[in-house]
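Student: The structure under discussion is supplied below as structure tokens; questions concerning it will follow.
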Amino acid sequence: MITLLLLHAFITWMLCGLIWTVQVVHYPLFEDVGHENFSAYHGKHMWLITWIVMPLMFLEVASAGLLLFWGEHSWPFLVSLAALAVAWLSTAVYQVPMHDKLVRGYDAEIIRRLVLTNWWRTLAWTLRGLCLAGMLHDLMSKI
């Protein structure tokens with residue numbers, strides 16, 4: 001189970017780093033692309049980022065499910081699962097629909113809302129990373 005927890009934490013930390021990069025770099029730069037090049041830029045962003053994000057998100061859920069199935073019920077893990085639900089719900093309810101609107105072209109208000117609502121995912125994955133780091137610290141201190 002320790003190996004699975006390490007793998008799960010590694011995946012979560014990859015997503016945490018990725019979401020901070022998206023939040024601080026990618027999404028704010030959408031405003032600077034301009035109307036003329038926005039559709040092409042946004043389309044490339046969506047295509048390329050999906051190849052990184054989606055496999056990691058599915059691996060994260062799968063490894064979390066296995067940990068839960070194999071008896072991991074500690075409070076930090078359960079908090080991390082709640083944060084995982086927030087990240088997925090935010091993705092489905094806010095980010096995906098906004099990206100669908102941006103496919104039609106540049107919209108400063110949608111970009112502003114995308115940056116604002118993406119803080120939910122950023123904070124959720126950060127909380128997950130902290131919870132899992134705490135769990136690993138506790139495990140290592142017992143060895």
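Take the sequence shown: its letters are residues 1 to 143, numbered as in our numbering. We treat Cβ as the ideally placed atom computed from N, Cα and C, and that holds for glycine.
Compare the Cα-Cα distances from residue 32 to each of 6, 63, 106 and 128 and report the closest residue.
Tutor: To locate residue 32, count along the sequence shown from 1; it is residue 32. Per the Cα distances, 106.
Student: Apart from the five residues on each side of it in sequence, which residues of its chain come closer than 8 angstroms, Cβ to Cβ, to residue 34?
Tutor: As a position in the sequence shown, residue 34 is number 34, starting the count at 1. For residue 34, same chain residues with a beta-carbon under 8 angstroms away, outside a window of 5 residues either side, are 106 in chain order.
Student: Could you say which of 99, 134 and 135 lies nearest to residue 38 if we only look at CA atoms?
Tutor: Working through the sequence shown from its first residue, we reach residue 38 at position 38. Among 99, 134 and 135, the Cα nearest to that of residue 38 is on 99.
Student: Taking 8 angstroms as the cut-off, decide whether the C-beta atoms of residue 42 and residue 103 are in contact.
Tutor: Along the sequence shown, read from residue 1 onward, the residue named residue 42 stands at position 42. Along the sequence shown, read from residue 1 onward, the residue named residue 103 stands at position 103. Yes.
Student: Let's test the definition: count the other Cβ atoms within 10 Å of the Cβ of residue 58 and tell me whether it reaches 16, buried, or not, exposed.
Tutor: Locating residue 58 in the sequence shown gives position 58, where the first residue counts as 1. Classification of residue 58: exposed, given that the 10 Å Cβ count is below 16.
Student: Going by the C-beta, is residue 114 closer than 7 angstroms to any heavy atom of the ligand MG?
Tutor: What this structure holds is no ligand at all, so the ligand MG is not there to describe.
Student: Measuring only the C-alpha atoms, how far is residue 24 from residue 120?
Tutor: Walking along the sequence shown from the start, residue 24 turns up at place 24. Walking along the sequence shown from the start, residue 120 turns up at place 120. Using only the alpha carbons, I get a separation of about 13 angstroms.
Student: To the nearest angstrom, report how far apart residue 60 and residue 126 are at their CA atoms.
Tutor: As a working note, residue 60 is residue 60 in the sequence shown. As a working note, residue 126 is residue 126 in the sequence shown. Taking the straight line joining both Cα atoms gives about 14 angstroms.
Student: Reducing DSSP to helix, strand and coil, say where residue 143 ends up.
Tutor: Against the sequence shown, residue 143 aligns to sequence position 143. Note: residue 143 maps to coil in three-state DSSP.
Student: For residue 105, does the three-state DSSP call read helix, strand or coil?
Tutor: Residue 105 sits at position 105 when you count from the first residue of the sequence shown. In the structure shown, residue 105 sits in coil (DSSP, three-state: anything other than H, G, I, E or B).
Student: Is residue 63 closer than 8 angstroms to residue 11 when the C-beta atoms are compared?
Tutor: Numbered from its first residue, the sequence shown carries residue 11 at position 11. Numbered from its first residue, the sequence shown carries residue 63 at position 63. Against a cut-off of 8 angstroms, the Cβ pair of residue 63 and residue 11 comes out as a contact.
Student: Identify every run of the alpha helix (DSSP H) within the region 17-96, keeping only runs that are complete inside it and at least 4 residues long; order them along the chain.
Tutor: Runs of the alpha helix (DSSP H) lying entirely within the region 17-96, each at least 4 residues long, are 27-33, 35-69 and 75-90 in chain order.
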